[in-house]
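S.K.: Can you keep this structure in mind? I'll have questions shortly.
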Amino acid sequence: MFSYIVRRILQLIPVFLGSTLLIYALVFAMPGDPIAALFGDKQPSQQLLDAIRAQYHLDQPFIVQYYYYMSGLVRGDMGTTFSGQSVNDVLARTLPVTGRLAVLSIGIEFLLSIIVGTFSALRKGKVSDNVALIIALVFLSMPIFVMCFLAQYFLAIQLGWFRPTVGGQNGWGDMWLPAIVLGLSLYATSMRLMRGSVIETMNQDWVRTAYSKGLPQYRVLPVHVIRNSLIPVITNSATNFGVLLVGATVTEFIFNIPGVGNTLFRAILQHEGPTIVSFVTIFVVLYVLVNLLVDLLYGLLDPRIRYV
Amino acid sequence: MKRNKIALASAAVLVAGVTVLAGCSSSGSNPKPSADTGNGNTDPKAIITASGSEPENPLIPTNTNEVGGGKILDSIFAGLAYYDGSGKLVNDMADKIEVTAPDELTVTLKKGMKFTDGSDVKADNFIKAWNYGALFSNKQLNQSWFADIEGFNAEADSELTGLKKVSDTEFTIKLTSPVAADFATRLGYSAFYPLPDVAFTDMAKFGENPIGNGPYKLAGDGAWQHDVQIDLVKNPDYKGVRKLANGGLTLKFYTSYDAAYADLLGGNLDVIDSIPDASIATFQSDLGDRAVNQPAAIFQSFTIGEWIEHFSGDEGKLRRAAMSMAIDRESITKTIFNDTRVPATDFTSPALDGYQKSLKGGDALKYDPKEAKKLWAEADKISPWSGKFEIAYNANGPHQAWVEAVANSLKNTLGIDAAGASYVDFATLRAAINAKDADGKRTFKTAARSGWQADYPGVYNFLFPLYSTGASSNDGDYTNPEVDKLLAEGASADTPADSVKKYTQVQEILVKDLPAIPLWYQNSIGGFGESVHNVKFGWNSVPLFEDITKDKTK
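For the record, the sequence lines run as chains A and B.
Residue numbers for the first sequence follow this note's numbering, beginning at 1 and rising by one.
Residue numbers for the second sequence follow this note's numbering, beginning at 1001 and rising by one.
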């Protein structure tokens, strides 16, 4: 078990190097000159442009820029933004906000898909099963920004149940609307997987045995059915984590949440190399870590799985 | 122009031409004044919330050239003068700004003005701040604003020797060229704000928690919550001319106007200073008399180069006038822009002091298909028309619709083949316009979309860079010695009224020569909530925050 975790974490290093290099190359290849853009349409003197370029090492060849970035990184310095803030600070400020949004929406996704999925499985083929399917398909087929705008317009502006945007008040209780939207956008696949998985588990010998020895349903379902049905749902949520991150960026943009996604969006508009690379790299690392975590969770859910 | 990153986010609304916008102030001609300001229900301590964007730079006046930070600086700093609701320059920290020679100004400061740290606003605070902004190694984004002051060097460190302290309340400005009258009108721009002595000890720290001398001040350390908002409160020590009608201002930062608009509709925001593209068609019906739609200092036109066949000499004058009269500006602004543009009557903007509503010869800017046909036929007598007329535009901006409409207008009225010519982006279009062959002649063969957004609300700024011989943005290579002479006279005139007189004469020549065909002025669009009143926008499309009142909460 331990050596397995160490091996997986060591695998992070090439992933990390590769992804930063790739992202840095992409930022480098972005068209346009970010320094000239700082001046709007005004034409500053060439000397001034050169001086500012040198300040951000933008006058150096690509690989030298990458070296500067990496050497800063190993010293724990992710660079500075054009507004003079340390990227570390920006990250420390935005990551918890996005974290809260992600945890809330994953919570909503899991809770809903487990309940509705199980319920649908038990009523396989009945009207309620089909209704649940149709609703899930609606959520699945609607792009997330459409859901965001609809929720914002009807639930917040028209009905006044929520604030239309989040902004500065972004504690746990302030992010229900974006979290629900984001959770629902992920919900459909999890729910259908859960349903299929429960149906399959219900046909297993041990479930029949449990029922035949007289266990009531409220014991059989949680202990013998749901727990054993969770593995595909959790695997899916790991691969879905990328979708979650993209969705979070869109959601943060529309609901004006000062999180990682919104800041990344702004940084991309401004060609702010250090911010873009650091943030995207954090996304990559998170993605890898979440997948590791999920692999480890299998063992808890199914003791037959061993790590070697 | 002051770069507005929210606008970039929603749809790169780049104004064609060139420059830079600035400062603070307004056009007092809000067509829909919110009347009930004096209903006794006003809360003088109320905090106004308004849309903003995270400043892209530390809050240092000489290093901020975009709207997000500019709005904050204009609220917490006071310069020698500021631009009022009609774009007019009103002395603020200055008691007097005198043009003592065509290339020299003398500034006398009011006594008793203070920064919020208690120190006095002295001549040195201006001189040191401007020197800081101009010094090459400080790499300030607004460095070029000091270029006309003696001693300026854009390529190496140098001192602004043209700034001389006479006493604590008086200093003189010596310029390198005779543009003193125009220079005076620039002094309301944020690059010319003073800095307190404490700023120079640690500019980075100062940029995070600036100490100003304006009508508002930061609500304590950490009032700037990055990416979230900035809280400003009334500065009781401000003794200048801007009167506060509210108790404070909170600028909430948005990355998209869609979110800000949703907040406005949801009652979560008092004032929004732009409208997202998706709601342009509906915002006036959504908001009713809470919608703001008034001309801003943005002028749009298309330029026909003097070297283009059929467009020079007498034939050119006839053809230019015919084209100008062949365009139905009224219906284009209505159908394509939902009335967020106003047909042009001159070469400047209604947001400026010096705008001409009925210019002598201004009939050339009115739709008159009969006269257009007549003039076109006259031109054909000199040399018969051949070929196709094209207007170049950049496809990454929202221009295709109106370019096609203008081309159709020309086609229908004059019976010629006219169309738009699309370029990938603004840079490509600029490169094509500026391309020259081996003999130094321009190779560009079509007309091109052009326009101007003000650096500062001065008429000179709308005329000199565009139409004086050899100027930086004179894309049509227009040259007229009379125009050059009048512009020079205007820029060194003794009083603003004299300057405007000269500039109006320039415009009367321009409307005959039509180096560019004026089309329309772009409006400031925005809106406000039910509990706030007296919302007017300045010449630079930023609301005049100090005048806004808010009702007591019931």
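Quick reminder that beta carbons are idealized off the backbone N, C-alpha and C, glycines included.
(1) Taking only the alpha-carbon atoms, compute the straight-line gap between ALA267(A) and LEU1059(B) and give it to the nearest angstrom.
(2) Can you give the beta carbon distance from TYR1423(B) to ALA1392(B), rounded, assuming they're within the 8 angstroms contact cut?
(3) Could you work out which residue in ASP1551(B), ASN1540(B) and THR1446(B) is closest to GLY1085(B) when comparing CA atoms only?
(4) What does the alpha-carbon distance come out to for the pair SER185(A) and PHE139(A)?
(5) So ASN1468(B) packs on VAL1483(B), CB below 8 angstroms; how close in whole Å?
(6) From the DSSP output, in three-state form, read off GLU272(A) for me.
(7) List the residues of chain B that SER278(A) touches, going by C-beta distances under 8 angstroms, in chain order.
(8) From the beta carbon of ASN256(A), is the nearest beta carbon of chain B less than 8 angstroms away?
(9) So what does DSSP say about GLN996(B), is it helix, strand or coil?
(10) Which term fits ARG192(A), buried or exposed, when burial requires 16 or more other beta carbons within 10 angstroms of its beta carbon?
(11) Is it buried or exposed, GLY1222(B), if we count other Cβ atoms within 10 angstroms and call 16 or more buried?
(12) How is the beta strand (DSSP E) around GLY994(B) delimited, first residue to last?
(13) Cβ closer than 9 angstroms: which chain A residues qualify as neighbours of LYS1139(B)?
(14) Ignore the nearest five residues each way along the sequence and tell me which others in VAL1241(B)'s own chain have a CB closer than 8 angstroms to its CB.
(15) Let me make sure I understand the geometry here. Which of SER1331(B), LYS1165(B), ASP1263(B) and GLN1229(B) has the alpha-carbon closest to that of ALA1123(B)?
(16) Checking 8 angstroms against the spacing of the C-beta atoms, do LEU1249(B) and TYR1216(B) come in under that value?
(17) Which term fits GLN1294(B), buried or exposed, when burial requires 16 or more other beta carbons within 10 angstroms of its beta carbon?
(18) Check the Cβ-Cβ distances between ASP295(A) and every residue of chain B, and say whether any is below 8 angstroms.
(19) List in chain order: all unbroken alpha helix (DSSP H) runs of 4+ residues lying wholly within the region 1098-1144 of chain B.
(20) So, is the C-beta of ILE157(A) closer than 8 angstroms to a C-beta in chain B?
(21) May I have the straight-line CA-CA distance separating LEU1429(B) from GLY1451(B), to the nearest angstrom?
(22) So, at 8 angstroms on beta carbons, what are the nonlocal neighbours of ALA1364(B) in its own chain, with the 5 sequence-adjacent residues on each side left out?
(23) Where ALA1114(B) and THR1169(B) are concerned, what is the direct C-alpha to C-alpha distance, given to the nearest angstrom?
(24) For PHE336(A), which residues of its own chain have a beta-carbon under 8 angstroms away from its beta-carbon, when the five flanking residues on both sides are left out?
(25) Taking C-beta pairs closer than 9 angstroms, name the residues in chain A that ASP1103(B) reaches, listed in chain order.
(26) Which residues in the same chain have their Cβ closer than 6 angstroms to the Cβ of LEU245(A), if we skip the five residues on either side of it in sequence?
(27) Along the region 261-291 of chain A, where does the CB come closer than 8 angstroms to a CB of chain B? Name the residues.
(28) I'd like to know if the region 1453-1464 of chain B and the region 1172-1185 of chain B are in contact, where contact means that at least 3 CB-CB pairs between them fall below 8 angstroms.
(29) DSSP state of THR80(A), grouped into three classes?
(30) If distances are taken between C-alpha atoms only, which option among ASN1338(B), ALA1493(B) and VAL1233(B) comes closest to TRP1520(B)?
(31) Express the C-alpha separation of MET70(A) and ILE276(A) in angstroms, rounding to a whole number.
(32) Are the beta-carbon atoms of LYS1441(B) and ASN1246(B) separated by less than 8 angstroms?
(33) In the DSSP assignment, find the alpha helix (DSSP H) that holds TYR69(A) and state where it starts and stops.
(34) Alpha carbons only, please: which of GLY299(A), THR281(A), VAL225(A) and VAL103(A) is nearest the one belonging to ILE115(A)?
(35) When burial is assigned at 16 or more other CB atoms within 10 Å of the CB, is LYS1174(B) buried or exposed?
(36) Would you say THR165(A) faces chain B, with C-beta separation under 8 angstroms as the test?
M.R.: Checking against the coordinates, here is how it stands:
(1) Rounded to whole angstroms, ALA267(A) to LEU1059(B) spans 18 angstroms at the Cα level.
(2) That pair is a contact at about 6 angstroms.
(3) Checked all of ASP1551(B), ASN1540(B) and THR1446(B); the closest Cα to GLY1085(B) is ASN1540(B).
(4) Our two residues, SER185(A) and PHE139(A), have alpha carbons roughly 6 angstroms apart in a direct line.
(5) For the record, residue 1468(B) in the displayed sequence is Ser; it is not Asn. With 8 angstroms as the limit, SER1468(B) and VAL1483(B) qualify as a contact, their Cβ atoms being about 7 angstroms apart.
(6) Coil at GLU272(A), not helix or strand.
(7) The contact set of SER278(A) on chain B, defined by CB atoms closer than 8 angstroms, is empty, because the minimum CB distance reaches about 15 angstroms.
(8) For ASN256(A), the answer is yes, since a Cβ of chain B falls inside 8 angstroms of its Cβ.
(9) No answer is possible for residue 996(B): the residues shown for chain B start at 1001 and end at 1554.
(10) By the neighbour-count rule (16 or more Cβ atoms within 10 Å), ARG192(A) is buried.
(11) The residue is exposed, with fewer than 16 neighbouring Cβ atoms inside 10 Å.
(12) Chain B is shown from 1001 up to 1554; residue 994(B) falls before or after that span and cannot be answered.
(13) The contacting residues are LEU48, ALA51, ILE52 and GLN55.
(14) A distance below 8 angstroms between beta-carbons, with the five flanking residues on each side excluded, links VAL1241(B) to the following residues of its chain, in chain order: TYR1082, VAL1090, ASN1091 and ASP1092.
(15) Ranked by how close their Cα comes to the Cα of ALA1123(B), the residues SER1331(B), LYS1165(B), ASP1263(B) and GLN1229(B) have LYS1165(B) in first place.
(16) Yes, the pair counts as a contact, with Cβ atoms nearer than the cut-off.
(17) Under this definition GLN1294(B) is a buried residue.
(18) Judged by the 8 angstroms Cβ criterion, ASP295(A) is not in contact with chain B.
(19) DSSP runs (the alpha helix (DSSP H)) wholly in the region 1098-1144 of chain B: 1123-1134.
(20) Closer than 8 angstroms to some Cβ of chain B, the Cβ of ILE157(A) qualifies, so yes.
(21) Cα to Cα, the separation comes out at about 13 angstroms.
(22) Excluding residues within five positions, the ones whose Cβ falls inside 8 angstroms are ALA1321, SER1324, MET1325, VAL1511, LYS1512 and LEU1514.
(23) First, the residue type needs correcting, since residue 1114(B) is Lys and not Ala in the sequence shown. In a straight line, the C-alpha of LYS1114(B) is about 13 angstroms away from that of THR1169(B).
(24) Residue 336(A) cannot be examined here, being either before or after the span of chain A that is shown, 1 to 308.
(25) Here the premise fails: no neighbours, minimum Cβ distance about 22 angstroms.
(26) Only PHE283 meet the Cβ criterion.
(27) So the list reads ASN262, THR263, PHE265, ARG266, LEU269 and GLN270, given in the order they occur along the chain.
(28) As far as the Cβ criterion goes, the region 1453-1464 of chain B touches the region 1172-1185 of chain B, which means the pair count is three or higher.
(29) Strand, per DSSP.
(30) Here the closest residue by C-alpha is ASN1338(B).
(31) Those two C-alpha atoms are separated by around 14 angstroms.
(32) Between LYS1441(B) and ASN1246(B), the C-beta spacing is not below 8 angstroms.
(33) Where TYR69(A) is concerned, the enclosing alpha helix (DSSP H) stretches over 62-74.
(34) Ranked by how close their Cα comes to the Cα of ILE115(A), the residues GLY299(A), THR281(A), VAL225(A) and VAL103(A) have VAL225(A) in first place.
(35) With a 10 Å radius around the Cβ and a threshold of 16 neighbouring Cβ atoms, LYS1174(B) comes out buried.
(36) Chain B contact via Cβ: present.
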